[in-house]
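Peer 1: Residue numbers 2 to 337, in the working numbering, belong to the letters of the sequence shown in order.
We put the beta carbon where it would ideally sit given N, CA and C, even for glycine.
If you scroll down you'll find the structure; I have some questions about it.
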Amino acid sequence: MRLAVIGAGSWGTAIARLASANASVGLWTRRAELAAAINTDRENAEYLPGVRLPDQITATTDFTRAVSGAAAVLVAVPSHGYRDVLEKASGIIPTSIPVISLAKGIEVATGLRMSEVTLEVLDGHDPSRVGALSGPNLSEEIMQGQPAATVLSMADRRVGQEIQSILGTPRFRVYTNPDLIGVEVAGATKNVMALAAGVSLGMGFGMNTMAGLATRGLAEMTRLGVVLGGEALTFGGLAGVGDLMATCGSPSSRNNRVGYQLGKGRRIGEITSGMKTVAEAVRTTEAVLQLAARHGVEMPIAEAVGRILYQDETALQAMKRLMERAPTQEGHGIVA
2 MRLAVIGAGS WGTAIARLAS ANASVGLWTR RAELAAAINT DRENAEYLPG
52 VRLPDQITAT TDFTRAVSGA AAVLVAVPSH GYRDVLEKAS GIIPTSIPVI
102 SLAKGIEVAT GLRMSEVTLE VLDGHDPSRV GALSGPNLSE EIMQGQPAAT
152 VLSMADRRVG QEIQSILGTP RFRVYTNPDL IGVEVAGATK NVMALAAGVS
202 LGMGFGMNTM AGLATRGLAE MTRLGVVLGG EALTFGGLAG VGDLMATCGS
252 PSSRNNRVGY QLGKGRRIGE ITSGMKTVAE AVRTTEAVLQ LAARHGVEMP
302 IAEAVGRILY QDETALQAMK RLMERAPTQE GHGIVA
C-alpha cells in the first residue's frame, strides 16, 4: 500500500509518519533542500524537530513521483495555498483516487470549503472520493505517542474505511463520519474560536471566561454549519467540540498563540511577520464572516475576532462590546 501526502509542514509530516506504519508514503514539498534533509537525516527539523521519520517515507518535489501508485492523496497545505498547489498536481492525480483535505480553512475569495475547491480544480474527479480529515490533532502530542483521535469524512464508505485502517495506529484512532460539510465547517470555524480563546488567555482571564467563550463559540460554529447543510451532531464530535477543546487552551495551537499575543496588545502584522507557519484563522475569519453575512447567521465572537484582526480594534474594546450585548435566552439546543 502507498499513500501520497502533499505538504511537508508539521501536520503533513506527522500524518506521513502515522501512515508509514501501514504504507509507504510519498511526501511532497515545494523545497528541494527540505526534501533532501528529510531523506538524508530522516527528520523534518524545520517543522517537526526531534521526530525520526521511517525509511518508508520518501520526500520529493516531484508531484508525479509523490502520487505515482498511491491509493490516496492527502493534501496538507494551508487553505490559502490549497488551490495553487492542487492546480500544479491536477494533471497527475487520477480521477478515481481519493483526495483528502487536511486543511482547516475556507477559501476567502470564493467561500468554498477545501473539498469544493478540490472538485473545482480536479475537473471530473469522483466526488464520492473527495473528503476531509479533521479533529483534535496537535502534531507534537501525536508524535510523542499520546493517544489521540480524528474523524475522516468521505461519501464512499468502503474507501473511507480502507483509509481509516491505513491511518489508524494503536495510539491514533480514526473515526468516520459521512457529514463532509459539517466536518469541514467545524474545522474552519474552530480556528476562529481558538484565536478568540488565545486572546482571552493573553488578557489574563481564567476558566470561567474560557468556558463561556468556548460554549458560545460552539453555538456560533454550529449555527453556521447547519445553515450550510451540515449536521448539528457533528459539531458535538471530534471535528467540533473535540478540536475546540484541544486548541482553546493549548500553546501548541498556532491560532491560540496568535490570539494570545493579540490579547497582550500586539498587532496582527507584527505577530505574523515572524511566523514560519500560518495560523489559519488569520485568513479564514474573513471567509467565515462573509458566509455568515450571506446566510444571515449571527456570530458575535467571530465578528469580534474580525474587528481585532482587520479593523485594529483592541482586545479590550472587543471584550467590552461582547459583554455589553443585549441579554438574550440561551435556548434548549446547541444552535440557539
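If you scan the region 44-86 from start to end, which runs of the alpha helix (DSSP H) of 4 or more residues do you find wholly inside it?
Peer 2: Counting whole runs of 4 or more residues, the region 44-86 contains the alpha helix (DSSP H) stretches 64-68.
Peer 1: For Ala150, which beta-bridge partners are listed by DSSP?
Peer 2: The residue given as residue 150 occupies position 149 in the sequence shown. Arg174.
Peer 1: Between Thr61 and Ala36, how many whole angstroms is the CB-CB distance? I'm expecting something under 8 Å.
Peer 2: By one-based count along the sequence shown, residue 61 stands at place 60. By one-based count along the sequence shown, residue 36 stands at place 35. The Cβ separation is near 6 Å, so the contact holds.
Peer 1: Helix, strand or coil for Ile107 per DSSP?
Peer 2: Translated into positions along the sequence shown, residue 107 becomes position 106. Strand at Ile107.
Peer 1: For Trp29, which beta-bridge partners are listed by DSSP?
Peer 2: Here residue 29 refers to the residue found at position 28 of the sequence shown. For Trp29, which the question treats as bridged, DSSP gives the partners Ile7, Thr61.
Peer 1: Write down the C-beta distance between Ser80 and Ala104 rounded to the nearest angstrom, noting that I regard them as a contact closer than 8 Å.
Peer 2: Taking the sequence shown and counting its residues from 1, one reaches residue 80 at position 79. Taking the sequence shown and counting its residues from 1, one reaches residue 104 at position 103. Confirmed, about 5 Å.
Peer 1: Taking Cβ to Cβ, would you say Ile164 is nearer than 7 Å to Ala73?
Peer 2: Taking the first residue of the sequence shown as 1, we reach residue 164 at position 163. Taking the first residue of the sequence shown as 1, we reach residue 73 at position 72. Yes; because the gap between Cβ atoms is below 7 Å, this pair is in contact.
Peer 1: Work out the CA separation of Ser97 and Asn23 for me, nearest whole Å.
Peer 2: The residue you call residue 23 lines up with position 22 of the sequence shown. The residue you call residue 97 lines up with position 96 of the sequence shown. Roughly 21 Å separates the two Cα atoms.
Peer 1: Would Arg3 and Gly70 qualify as a contact pair, given that the criterion is a beta-carbon distance under 7 Å?
Peer 2: In the sequence shown, the residue the question calls residue 3 occupies position 2. In the sequence shown, the residue the question calls residue 70 occupies position 69. The answer is yes: Cβ separation under 7 Å.
Peer 1: Shortest alpha-carbon distance to Asn257 belongs to which of Lys191, Leu113, Pro328?
Peer 2: Translated into positions along the sequence shown, residue 257 becomes position 256. Measuring from the Cα of Asn257, the nearest candidate turns out to be Lys191.
Peer 1: Between the alpha carbons of Pro252 and Gly203, how many angstroms are there, rounded?
Peer 2: Stepping through the sequence shown from its first residue, residue 252 is reached at position 251. Stepping through the sequence shown from its first residue, residue 203 is reached at position 202. The straight-line gap from Cα to Cα measures roughly 11 Å.
Peer 1: If you follow the alpha helix (DSSP H) that Ser201 is in, where does it begin and where does it stop?
Peer 2: Residue numbering aside, residue 201 sits at position 200 when the sequence shown is read from its first letter. Where Ser201 is concerned, the enclosing alpha helix (DSSP H) stretches over 181-203.
Peer 1: Between the C-alpha atoms of Val200 and Ala293, what's the straight-line distance to the nearest angstrom?
Peer 2: Residue numbering aside, residue 200 sits at position 199 when the sequence shown is read from its first letter. Residue numbering aside, residue 293 sits at position 292 when the sequence shown is read from its first letter. Roughly 22 Å between the two C-alpha positions.
Peer 1: Hey, quick one: how far does the alpha helix (DSSP H) through Ser116 stretch, first residue to last?
Peer 2: For this step, residue 116 is matched to residue 115 along the sequence shown. That run of the alpha helix (DSSP H) goes 115-122.
Peer 1: What does DSSP give as the partner residue(s) for Val279 in the beta ladder?
Peer 2: In the sequence shown, residue 279 corresponds to position 278, counting from 1. DSSP, once it has assigned bridges, lists no residue as partnering Val279.
Peer 1: Between the alpha carbons of Asp127 and Lys89, how many angstroms are there, rounded?
Peer 2: Position 126 of the sequence shown, counting from 1, holds the residue named residue 127. Position 88 of the sequence shown, counting from 1, holds the residue named residue 89. Near 19 Å, if we compare the C-alpha coordinates of Lys89 and Asp127.
Peer 1: Just the C-alpha distance for Thr315 and Met155, rounded to the nearest angstrom, thanks.
Peer 2: As a first step, residue 315 is located in the sequence shown; it is residue number 314 there, counting from the start. As a first step, residue 155 is located in the sequence shown; it is residue number 154 there, counting from the start. Cα-Cα distance, rounded: 41 Å.
Peer 1: Would you list the residues sitting across from Leu134 in a DSSP beta bridge?
Peer 2: Along the sequence shown, read from residue 1 onward, the residue named residue 134 stands at position 133. In the DSSP output, where bridge partners are listed per residue, Leu134 has Leu153.
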